[in-house]
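Under our numbering, the first residue of the sequence shown is numbered 39, with each subsequent residue one higher. We put the CB at the ideal spot given by N, CA and C, even for glycine.
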Amino acid sequence: MNTTTSAATVSKAAATLRDAALPEAQRVVLKRIAAQRERLSARRSARAQALALRSQQAAQMPVGGPLVERVVAFARLHPVAVAAAAGVALMLGPGRLIRWTGIVLPLVARFRR
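Pasting the structure below:
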């Protein structure tokens, strides 16, 4: 047992003795507050764990995943390249963009085979 655990045990014991002198309504409120603190602490740690897992997964490019996942992963890993491509697309305009898509899409489909 480390000092943090023993300190927590001592503070819980002191809280129990202190709670014995309180009226029932206050004890109920204090129990609800303690339960809420525990929920918030668990929620905070779960969020931190999810963010850590997400950052580990974002650092890797999904090789066999669906195209949408790969595009999103590429956008997260290379935001400047995506911004440059978006800027070029805006400069070209919708007509030229559709025309070039009609040329490039068959080439990409041929390379994928």
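In the structure shown, L60 falls within a coil segment according to DSSP collapsed to helix, strand and coil. For P132, the enclosing alpha helix (DSSP H) starts and ends at 132 to 150.
G125 carries a helical assignment under DSSP once its states are collapsed to helix, strand and coil.
In the three-state reduction of the DSSP assignment, V101 falls in the coil class. Rounded to whole angstroms, A124 and F149 show a C-alpha spacing of 23 Å.
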